[in-house]
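J.: Below are the structure tokens for one structure; questions will follow.
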Amino acid sequence: MRHDDRTTLPYVVRTGDGVGHLVGPLAYTFGNYKIEPLAPPATIPVVEGPIPQLEQPGPDEFSVATFNVENFFDNKEPHRPSDPPKPSRAEYERKRDRIVETIVALGAPTIVGLQEVENIGVLEDVAAQPELAGYDYRAALIEGPSSRDIDVGFLVRGDRATLEGVGQYQAPEGLFSRPPLMITATLHTASAGDVTVYAIVNHFISKAGGEALTEPRRVMEAQWNAHLVDQILAADPNAYVVVLGDLNDYYDSAPLRALTDGDSPGGQLVNVLGALPPEERYSYIFQGVSQLLDHILVTPALAAHQVRVNVLHINADYPPPDPENPGPRHCSDHDPVVAVFRVGE
45 MRHDDRTTLP YVVRTGDGVG HLVGPLAYTF GNYKIEPLAP PATIPVVEGP IPQLEQPGPD
105 EFSVATFNVE NFFDNKEPHR PSDPPKPSRA EYERKRDRIV ETIVALGAPT IVGLQEVENI
165 GVLEDVAAQP ELAGYDYRAA LIEGPSSRDI DVGFLVRGDR ATLEGVGQYQ APEGLFSRPP
225 LMITATLHTA SAGDVTVYAI VNHFISKAGG EALTEPRRVM EAQWNAHLVD QILAADPNAY
285 VVVLGDLNDY YDSAPLRALT DGDSPGGQLV NVLGALPPEE RYSYIFQGVS QLLDHILVTP
345 ALAAHQVRVN VLHINADYPP PDPENPGPRH CSDHDPVVAV FRVGE
């Protein structure tokens with residue numbers, strides 16, 4: 045449902061709400077059928093409960109999440125992007141607190157890869173909040189060349205893992221405006237001992253310039269990730285490697301196939317979202333069409349230990365919130381994705 049002037053909208057319609065007594069002429073503009081109501085329709089809102097709380101990983105498990113947090117900027121100067129403007133302190137804190145609430149709802153993942161983060165300071169601020177303080181999250185971020193100051197980063201649970209190394213891997217000729225960030229982490233499990241995991245977080249180029257024009261670049265970005273994975277697998281063919289992030293393309297698209305159906309081992313990863321039924325495979329909604337843009341792909345050695353995967357549908361299905369009473373939903377335009385693996389007995 046769409047309303048052309050939000051300032052006159054007397055209600056907010058969310059996914060699942062009922063709409064009745066919708067009467068008016070049928071129009072067709074910009075590729076969509078529309079009804080021009082003669083009178084305000086009746087709505088039957090769905091009562092919203094608290095957001096779902098996913099289970100934390102067990103003593104022999106670890107979890108990996110990806111979350112595009114949509115323009116997570118601090119309240120300090122300099123603020124380079126003209127859009128959106130620099131948030132007020134209150135706006136920044138509301139955004140931060142809702143991101144914290146989402147991480148808790150995801151079951152406090154062992155490793156969280158984030159996109160659209162301004163700097164490491166905002167990640168450290170997230171980690172320092174009381175709701176997360178007990179997990180001793182460690183932040184990792186290296187600023188890249190993005191003109192909008194949106195970078196990729198990690199939060200790693202210090203109570204469950206040791207962050208061993210962080211590196212940014214720009215492809216030749218500056219392919220990425222948000223270069224991939226790789227971490228090496230040692231996970232501490234109850235029965236399997238210490239386990240090494242490599243994770244590479246990405247934010248591929250969007251389709252804003254047109255899908256046909258931008259897809260070749262996303263394919264090259266995917267191929268560069270496959271190359272990075274190849275280098276790890278050359279030293280250890282059974283390494284646990286995760287490629288994750290907002291890849292800005294679909295489950296069966298050419299860029300994703302470059303990571304799952306490529307010629308080298310690094311291009312033969314397993315997309316963990318394949319374990320979900322198709323109707324649950326979405327993390328973003330554009331003009332009413334649900335899409336899966338956020339992915340977690342792993343090497344076959346790690347895929348053998350997959351326990352479960354969830355897309356926490358708390359953002360994409362919901363309209364932007366009331367700034368004065370934001371609530372827990374729609375703190376971003378993307379839904380977060382989390383996968384759990386069991387490596388011990």
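Counting in the working numbering, the sequence shown runs from 45 upward without gaps. Note that the Cβ used here is the ideal one computed from N, Cα and C, for glycine as well.
Compare the C-alpha of Ile143 against each of Asn115, Glu121, Arg124 and Lys120 and name the closest.
T.: Comparing Cα positions, the closest option is Asn115.
J.: What's the gap between the Cα of Ile88 and the Cα of Val63?
T.: Near 6 Å, if we compare the C-alpha coordinates of Val63 and Ile88.
J.: To the nearest angstrom, report how far apart Ala86 and Asp61 are at their CA atoms.
T.: Approximately 11 Å, taken between the alpha carbons.
J.: At a threshold of 8 Å, does Ala183 count as lining the ligand HEM (C-beta to nearest heavy atom)?
T.: Among the ligands in the structure shown, none appear at all, so the ligand HEM cannot be discussed.
J.: Rounded C-beta distance between Gly289 and Gly157? I'm assuming under 8 Å.
T.: Yes, Gly289 and Gly157 are in contact; Cβ-Cβ is about 6 Å, under 8 Å.
J.: For Arg222, which residues from the same chain have a beta carbon less than 7 Å from its beta carbon, with the 5 sequence-adjacent residues on both sides left out?
T.: Taken in chain order, the residues that qualify are Gly188, Ser190, Ile194, Asp195, Val196 and His247.
J.: Can you tell me the Cα-Cα spacing of Leu337 and Ser327, whole angstroms?
T.: If I take the Cα positions, the gap works out to 6 Å.
J.: Could you tell me whether the Cβ of Tyr136 comes closer than 9 Å to any Cβ of chain B?
T.: No chain B is present in this structure, which holds just one protein chain.
J.: If we count Cβ pairs, one from each stretch, closer than 8 Å, do we get three or more for the stretch 232-240 versus the stretch 259-279?
T.: No, the stretch 232-240 does not touch the stretch 259-279.
J.: Would you call the CB atoms of Glu324 and Val355 closer than 9 Å?
T.: Contact flag set, yes.
J.: With 16 other CB atoms within 10 Å as the buried threshold, where does Ala279 fall?
T.: So Ala279 counts as exposed.
J.: I'd like the span of the alpha helix (DSSP H) that includes Ile135, first residue to last.
T.: Note on identity: in this sequence residue 135 is Glu, with Ile being the wrong assignment. Arg133 to Ala149 is the extent of the alpha helix (DSSP H) around Glu135.
J.: Measuring alpha carbon to alpha carbon, tell me which residue in Ile227, Leu150 and Ala149 is nearest Tyr213.
T.: The option with the nearest alpha carbon to Tyr213 is Ile227.
J.: Comparing alpha-carbon positions, which option in Asn163, Glu162 and Ile147 lies nearest Ala177?
T.: Taking only the C-alpha atoms, the option nearest Ala177 is Ile147.
J.: Along the beta strand (DSSP E) that carries His339, what are the first and last residues, could you check?
T.: Run containing His339: Asp338 to Val342, per the beta strand (DSSP E) assignment.
J.: Which complete alpha helix (DSSP H) runs does the stretch 252-283 hold, if anything under 4 residues is left out?
T.: Counting only runs of 4 or more, we get 255-279.
J.: By Cβ distance, which residues of its chain are closer than 6 Å to Glu175, with the 5 residues on each side in sequence left out?
T.: Cβ neighbours of Glu175 beyond the five flanking positions: Val144 and Val148.
J.: Inspect the CB distances between the stretch 73-81 and the stretch 204-219 and report whether three or more fall short of 8 Å.
T.: Too few Cβ pairs lie closer than 8 Å, so no.
J.: Taking 9 Å as the threshold (C-beta atoms), are Asn112 and Ser132 in contact?
T.: Not a contact, by the Cβ cut-off of 9 Å.
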